[in-house]
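Q: Have a look at this one before I ask anything.
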Amino acid sequence: MKYSLTTVCASLLVSHSVAASYLTADISNDAFKAEISSDRLVQNAQVTATAIATDDDANLFALGAVVAGPVQEMPDVVAGLGGKIYFNDINDENMQAFALGGYAKYQIPSAKHISLTGEFYYAPGITASDDIDYQTDLNLRVSYQLLPNGAFFAGYRHIQVNIENGRNLSLDKGIHLGFEFQF
């Protein structure tokens, strides 16, 4: 599966490089994530393609879109609301889910190079394939803008799939480090 993940990541990069505005990559002890996103394809919206590979024979691919912009009366906060379609490959079992959620990014006024970002998506069983009771995706991170077009970050991610027979599968859970490039 690692070869096909590399192929998918390369395809995402090539197909969206003309309009891409961000490329994010992060690693943890158990997972690698690559994400490409653009806010140039649709006005006031951000479109994202994500791939995560883990060493537990679990892989996740997601396509997302959010309506994004500055939060009213809060000039240091940017937020987005929307959805993601998840394609999960867990132990050679394929599952899909459609989740609603969003993100918020706070630029610290006294430290303009530091930002805090939180993201949460939830897919109930009604919007998921037969085996999934629900799926959650939580991401938190602290970023430091080192270069005009490059930042590094530390974060926490917890992606969980609850299967109807009562099993809870953590696709990824833990701390990660990464880079974000703007182009």
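Residues -20 to -1, 1 to 163 (mature numbering (1 follows the signal peptide of the UniProt record, and there is no 0)) are what the sequence shown spells out, left to right.
A virtual CB, placed ideally from N, CA and C, is assigned to each residue, including glycine.
On a predicted model such as this, the values are computed, not experimentally measured, just so you know.
Taking all protein chains shown into account, do 16 or more other C-beta atoms lie within 10 angstroms of the C-beta of V27, making it buried, or fewer, making it exposed?
A: Under this definition V27 is a buried residue.
Q: Could you check whether the stretch 103 to 111 touches the stretch 82 to 95, counting it as contact only if at least three pairs of C-beta atoms, one from each stretch, sit closer than 8 angstroms?
A: No: fewer than three Cβ pairs fall under 8 angstroms.
Q: Would you tell me roughly how many angstroms separate the C-alpha atoms of L80 and K64, rounded to the nearest one?
A: Cα to Cα, L80 sits roughly 7 angstroms from K64.
Q: How many Å lie between K92 and Q76 at the Cα?
A: Taking the straight line from one Cα to the other gives about 39 angstroms.
Q: What does the Cβ neighbour count give for D19, buried or exposed, with the cut at 16 atoms within 10 Å?
A: It counts as buried.
Q: CA-CA distance, residue 168 and T116?
A: The structure shown has nothing for residue 168, since the chain only spans -20 to 163.
Q: With A22 as the anchor, note down where its beta strand (DSSP E) starts and where it stops.
A: Note that residue 22 is Val in the sequence shown here, rather than Ala. Per DSSP, V22 belongs to no beta strand (DSSP E) and is neither H nor E.
Q: When you compare the CB positions of G158 and A5, do they come within less than 7 angstroms of one another, or not?
A: Cβ atoms of G158 and A5: closer than 7 angstroms.
Q: Taking 8 angstroms as the limit between beta carbons, can you name the residues of its chain near V(-3), skipping five residues before and five after?
A: The predicted model places V(-3) with a pLDDT of 44, which falls under 50 and marks its position as unreliable, so this point remains unresolved.
Q: Classify F41 as buried or exposed, calling it buried when 16 or more other Cβ atoms lie within 10 Å of its own Cβ.
A: Buried: at least 16 other Cβ atoms inside 10 Å.
Q: Assign T(-15) to one of three DSSP states: helix, strand, or coil.
A: In this prediction, T(-15) scores a pLDDT of 48, lower than 50, which makes its location untrustworthy; no coordinate-derived value is stated.
Q: Do G135 and R121 come within 7 angstroms of each other at the CB atom, strictly closer than that value?
A: It is a contact, given that the beta carbons lie within the stated cut-off.
Q: Comparing alpha-carbon positions, which option in G154, V47 and V22 lies nearest S8?
A: That would be G154, whose Cα lies nearest to the Cα of S8.
Q: Is it buried or exposed, N129, if we count other Cβ atoms within 10 angstroms and call 16 or more buried?
A: Exposed, since its Cβ has fewer than 16 Cβ neighbours within 10 Å.
Q: Among the residues of its own chain, which have a CB less than 8 angstroms from the CB of G105, if the five just before and after it don't count?
A: So the qualifying residues of the chain are I112, D113, Y114 and E144.
Q: So, with DSSP's three-state summary, where would you put G105?
A: DSSP places G105 in helix when its eight states are reduced to three.
Q: State the start and end residues of the unbroken beta strand (DSSP E) segment that holds D35.
A: Premise fails: D35 is in no beta strand (DSSP E) and is neither H nor E.
Q: For the candidate residues V47, T34, V51 and T30, whose alpha-carbon lies nearest to that of V22?
A: Comparing Cα-Cα distances from V22 to each of V47, T34, V51 and T30, the minimum goes to V47.
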